[in-house]
Amino acid sequence: MNDTDRTITVKVHSAITDIPAADWDVCAGDTNPTVSHAFLKALEESGSTTARTGWTPQHLSITGLGAAVVGVVPLYAKTHSYGEYIFDYGWADAFERAGGRYYPKLLSAVPFTPVPGPRLLLHPGAPPETRGLLIAAMIELAVQRRISSLHVNFPEPADMGALSEAGFLHRLGQQFHWTNDGYRDFDDFLAALNSRKRKAVKKERREALAPGLEIEVLTGADLKPRHWDAFYEFYLATSDRKWGSAYLNRRFFALIGEQMPEKIVLVMARCGANYVAGAFNLLGRETIYGRNWGSYGEYKFLHFECCYYQAIEFAIAHKLKHVEAGAQGPHKIQRGYLPTPTYSAHWIPDPAFRRAVGHFLARERDMVERKIEGLAEFSPFRREDASNQST
Numbered sequence: 013m014n015d016t017d018r019t020i021t022v023k024v025h026s027a028i029t030d031i032p033a034a035d036w037d038v039c040a041g042d043t044n045p046t047v048s049h050a051f052l053k054a055l056e057e058s059g060s061t062t063a064r065t066g067w068t069p070q071h072l073s074i075t076g077l078g079a080a081v082v083g084v085v086p087l088y089a090k091t092h093s094y095g096e097y098i099f100d101y102g103w104a105d106a107f108e109r110a111g112g113r114y115y116p117k118l119l120s121a122v123p124f125t126p127v128p129g130p131r132l133l134l135h136p137g138a139p140p141e142t143r144g145l146l147i148a149a150m151i152e153l154a155v156q157r158r159i160s161s162l163h164v165n166f167p168e169p170a171d172m173g174a175l176s177e178a179g180f181l182h183r184l185g186q187q188f189h190w191t192n193d194g195y196r197d198f199d200d201f202l203a204a205l206n207s208r209k210r211k212a213v214k215k216e217r218r219e220a221l222a223p224g225l226e227i228e229v230l231t232g233a234d235l236k237p238r239h240w241d242a243f244y245e246f247y248l249a250t251s252d253r254k255w256g257s258a259y260l261n262r263r264f265f266a267l268i269g270e271q272m273p274e275k276i277v278l279v280m281a282r283c284g285a286n287y288v289a290g291a292f293n294l295l296g297r298e299t300i301y302g303r304n305w306g307s308y309g310e311y312k313f314l315h316f317e318c319c320y321y322q323a324i325e326f327a328i329a330h331k332l333k334h335v336e337a338g339a340q341g342p343h344k345i346q347r348g349y350l351p352t353p354t355y356s357a358h359w360i361p362d363p364a365f366r367r368a369v370g371h372f373l374a375r376e377r378d379m380v381e382r383k384i385e386g387l388a389e390f391s392p393f394r395r396e397d398a399s400n401q402s403t
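Count along the sequence shown from 1, then add 12; that gives the number in this note's numbering.
In structure tokens:
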């Protein structure tokens, strides 16, 4: 900037450790642990997000007077589209068939984590224009490197609004989230459901533990290496069945267990002395975020118990406002998780390609809006409670 009193410096960092944790975290805040320095550092130090895996860190920082960091962006150069949960494979195929080169692309996101949250991370005292400067810096990086496209996945609404104003294409998605309507306990939540759904939930919870299973909910100092050893085996078994390969490695879980145990809630199902299944959650200030599930063998309704009902119980007990149970899953509706819009933003410099993607997104938004409206009709809540849930 020409005004020397307001000079800023933009830097691109090939490792998050290049940015001091205190500087990053004051920008990230304490609401959402997925954008914390510790979480992103664990991904890099474990080897989960590296050039070898197709996730080359390119984090941005902006410093103002006194070299104080006033804004940061988690950013990666991607050589594929795996682990994103916003699907652009068709775009890549079309662009390359037309003679373009889609990869590498730039992506601002939390790797392997479909959790909405801030992407343009601002210091509480940052000047008002900082959000716009972060966007301009991302675009300039893409221009300088002749990148095909720049994507921001699962931004919060304030970021999405700024990105739209900057000319990014707007994509609408949908997840299923549970909202705490001031419930005293799980029975109080059940009382808000209609009679048929209430009976179904009670039956599922009863039958989930019928084989003699017990549930342990572990966080903080209660988390031990043996718990992570067991959970990682479940994670691998489920990854092999569903995707064919695992994004995360054992060292990642060791690192977050050491560096941020108070932000982890691990739900483990045990049969006698042996663990048989588990669900990994991250704990925010107002929300518990369901991330990974795994099991040995098939246990009827155990997935619902560990991933959905235990998360609801934890949220009620700790007076959290929300449970976000990850991507996909209309089956979550009957268990109290209602359809909720999510967003992504896409900057595409090629005019013809941008026009084609824009037309596609307009049609897709209309479809998703109708889908959310239609799914809401299947709410399990009694009518008066359903109206409260939607406000």
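Built from N, CA and C at the ideal position, the CB exists for glycine as well.
Boundaries (first-last residue) of the alpha helix (DSSP H) holding residue i
i	result
Met150	142 to 156
His49	49 to 57
Leu132	Element bounds for Leu132: n/a, residue is neither H nor E.
Pro169	169 to 177
Glu336	Note, Glu336: premise wrong, no alpha helix (DSSP H); beta strand (DSSP E) at 334 to 336.
Lys236	Segment: none, Lys236 is in no alpha helix (DSSP H) and carries neither H nor E.
Leu162	Run containing Leu162: none in the alpha helix (DSSP H); it sits in the beta strand (DSSP E), 162 to 165.
Ile74	No alpha helix (DSSP H) holds Ile74; the beta strand (DSSP E) holding it covers 71 to 75.
Lys211	207 to 220
Arg113	Arg113 -> no alpha helix (DSSP H), and no H or E assigned at all.
Cys39	33 to 40
Gln322	322 to 329
Ala203	198 to 203
Burial state of residue i, where buried means 16 or more other Cβ atoms lie within 10 Å
i	result
Phe99	exposed
Ala357	buried
Arg131	buried
His371	exposed
Gln187	buried
Ala327	buried
Ser161	buried
Thr16	The predicted model places Thr16 with a pLDDT of 45, which falls under 50 and marks its position as unreliable; any figure quoted below should be read in that light. Its Cβ having fewer than 16 others within 10 Å, Thr16 is exposed.
Ser391	buried
Arg217	buried
Met13	Because the pLDDT at Met13 is just 39, under 50, the model does not fix this residue reliably, and the value given afterwards should be weighed accordingly. By the 10 Å Cβ count, Met13 comes out exposed.
Lys117	buried
Leu77	exposed
Ala63	exposed
Glu389	exposed
Ala233	exposed
Arg238	exposed
Glu56	buried
His330	exposed
Arg303	buried
Ala121	buried
Thr21	exposed
Arg113	exposed
Residue span of the beta strand (DSSP E) that contains residue i, given as start and end
i	result
Tyr88	88 to 90
Ala357	350 to 359
Ile384	Ile384 -> not in any beta strand (DSSP E); alpha helix (DSSP H) instead, spanning 363 to 388.
Lys117	117 to 120
Gly83	81 to 85
Lys23	21 to 25
Integer Cβ distance of residue i from residue j, believed to fall under 8 angstroms
i	j	result
Ile336	Arg282	In the sequence as presented, Ile is not what sits at residue 336; that position holds Glu. Rounded, the Cβ-Cβ distance is 26 angstroms, inconsistent with contact.
Ile268	Ala54	5 angstroms
Ala323	Asn293	6 angstroms
Val82	Leu72	That pair is no contact at about 12 angstroms.
Lys344	Glu298	Not confirmed; about 19 angstroms, so no contact.
Leu119	Tyr88	5 angstroms
Leu278	Leu225	That belief does not hold up - the Cβ atoms of Leu278 and Leu225 are roughly 16 angstroms apart, past 8 angstroms.
Ala291	Cys318	4 angstroms
Ile384	Pro353	6 angstroms
Leu205	Phe393	6 angstroms
Beta bridge counterpart(s) of residue i as assigned by DSSP
i	result
Met280	Glu228, Gly290
Arg264	The identity of residue 264 in the sequence shown is Phe, whereas the question assumes Arg. BP columns for Phe264 are empty, so no partner.
His182	Ala357
Ile300	Leu295, Val335
Gln2	Because the chain here runs from 13 to 403, residue 2 falls outside it and cannot be looked at.
Gly306	Gly290
Thr68	Ala89
Phe393	Leu205
Three-pair Cβ contact test at 8 angstroms for the stretch 343 to 352 versus the stretch 149 to 159: no
Segment contact flag, the stretch 355 to 370 with the stretch 190 to 206, C-beta cutoff 8 angstroms, min 3 pairs: The answer is no - the stretch 190 to 206 does not touch the stretch 355 to 370, with fewer than three Cβ pairs under 8 angstroms.
At least three beta-carbon pairs within less than 8 angstroms, the stretch 167 to 179 to the stretch 313 to 331: no
Cβ pair count under 8 angstroms reaching 3, the stretch 380 to 391 against the stretch 174 to 186: yes
The stretch 88 to 107 contacting the stretch 41 to 51, beta-carbon criterion three pairs below 8 angstroms: no
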